[in-house]
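In full-length UniProt numbering, the protein residues as written are 1 to 177.
Shown next, in structure tokens, is the structure this report addresses.
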Amino acid sequence: MSSRPTTCIPLDHESLTVSKGHNAPQQVHIAQGDYDGKAVIISWVTALEPTRSEVFYGKEEKRYDRKAKGRMTNYTFYNYRSGCIHHCLVDGLEYNTKYYYKIGIGDPAREFWFRTPPAIDLDAPYTFGIIGDLGQTFNSLSTLQHYVKSGGQSVLYVGDLSYADKYKDNDGGRWDS
Ligand SMILES: [Fe+2]
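Below is the structure:
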């Protein structure tokens with residue numbers, strides 16, 4: 001735990017550094033993609049140029065035998081210009097199954113995994129956290145470390161991942177961190 005728990009984490013801190021490689025996917029998010037738990041939506045940003053909104057996935061590590069195609073969007077707000085924002089629905093999944101996935105091709109590609117929830121059943125055991133107003137302070141980091149230790153299977157995130165309002169012109173770099 002830091003001695004400055006409510007200070008914003010510096011952008012060069014290991015928890016906020018951007019992945020290496022040209023135009024590497026960043027700000028990767030995953031969310032439930034349907035009402036049943038058999039789909040996820042994977043979102044990410046490529047900051048420098050458009051790329052394909054594709055997710056390669058499969059049930060074995062490093063063996064991505066399936067591919068899902070998504071869409072790309074972007075927006076501007078005053079003098080802020082977003083990177084290319086990708087959203088990709090990965091559906092037709094099995095319950096309670098671990099999937100590995102990859103975003104991007106070649107050097108800047110990034111790999112992650114997720115586990116789908118159990119089949120819908122009032123008695124199905126499931127552990128999840130509820131987190132909101134997280135921010136980007138050392139306290140935020142501590143909250144996430146505690147959540148990971150708790151063994152939660154997913155998070156119901158209720159809003160406000162970070163705050164850029166106290167920065168000059170709402171600092172776009174902080175907004176994208
Ligand atoms: Fe808030």
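Even for Gly, the Cβ is constructed at its ideal location relative to N, Cα and C.
Everything numeric in this text was worked out from a predicted model, so none of it was measured.
- Distance from the C-beta of Asp-165 to the nearest heavy atom of ligand 1 is not below 7 Å.
- When distances are taken from the beta-carbon of Asp-34 to the heavy atoms of ligand 1, even the shortest one reaches 7 Å or more.
- Contact annotation, Asn-74 with Asp-169: C-beta distance approximately 19 Å; criterion of less than 8 Å not satisfied.
- Val-28 and Pro-117 have their alpha carbons spaced roughly 20 Å apart.
- Beta-bridge partners assigned by DSSP to Gly-92: none are found.
- Residue pairing for Ala-31: DSSP places it in a beta bridge opposite Ile-41.
- DSSP places Ser-154 in the uninterrupted beta strand (DSSP E) bounded by 154 to 157.
- Proximity of the stretch 114 to 132 to the stretch 151 to 158 meets the contact definition, three or more beta-carbon pairs being nearer than 8 Å.
- In this structure, the C-beta of Asp-133 approaches ligand 1 to less than 7 Å from one of its heavy atoms.
- Pairing Val-45 with Ala-68 gives a Cβ-Cβ distance that is not under 8 Å.
- Shown here, Gln-136 sits in coil according to DSSP, grouped into three states, outside any helix or strand.
- The closest heavy atom of ligand 1 lies less than 7 Å from the beta carbon of Asp-160.
- Pro-25 is classed as buried because its beta carbon has at least 16 other beta carbons within 10 Å across all chains shown.
- Taking every protein chain shown into account, the CB of Lys-38 has 16 or more other CB atoms within 10 angstroms, so this residue is buried.
- At the C-beta level, Ser-177 and Leu-48 stay beyond 8 Å of one another.
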